[in-house]
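One structure is given here, and the rest of the page talks about it.
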């Protein structure tokens with residue numbers, strides 16, 4: 010195929026024009042998210058593969074599904090130089106602060122007529 014016309018352009022997290030053949034994996038992710046939302050046990054999954062096969066693209070798509078379902082998410086890239094707490098704490102803090110702001114806003118809205 011002529012490289013100038015090939016729709017596949019590998020790159021870190023660059024989505025291809027179509028995620029062909031990934032439907033079953035995305036459906037498994039949807040089921041896991043729904044079961045989790047309903048408090049039911051579910052199977053986790055790990056994406057493995059060579060560089061450039063679409064792992065990051067799939068993780069981003071699952072992240073989109075989770076956010077659309079109301080989940081708070083964090084995509085964390087592990088580095089050998091950083092400890093697990095050093096990787097997790099900034100993202101957990103961001104999520105918790107976001108939750109706290111929502112609670113503060115909700116409380117302010119509920120008490121607003123009483124202040125007027």
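Numbering (our numbering), first residue to last: 10 to 125. Backbone N, C-alpha and C fix where the C-beta goes; we use that ideal spot for every residue, glycine too.
Asked: Length of the line joining the Cα atoms of residue 55 and residue 14; Found: 33 Å
Asked: Beta-carbon proximity check, residue 34 vs residue 67, cutoff 8 Å; Found: yes
Asked: Given 8 Å, three or more beta-carbon pairs between the segment 76-87 and the segment 34-47; Found: yes
Asked: Between the CA atoms of residue 97 and residue 90 - distance to the nearest angstrom; Found: 14 Å
Asked: In chain order, each alpha helix (DSSP H) run of at least 4 residues that lies wholly inside the segment 30-94; Found: 32-46 and 64-77
Asked: Beta-carbon gap between residue 41 and residue 51 smaller than 8 Å; Found: yes
Asked: Residue 100 versus residue 39 - alpha carbon distance; Found: 23 Å
Asked: Sequence-distant residues of the same chain with beta carbon closer than 7 Å to residue 109, five excluded per side; Found: none
Asked: Whole-number beta carbon distance between residue 72 and residue 84, since they are thought to touch under 8 Å; Found: 6 Å
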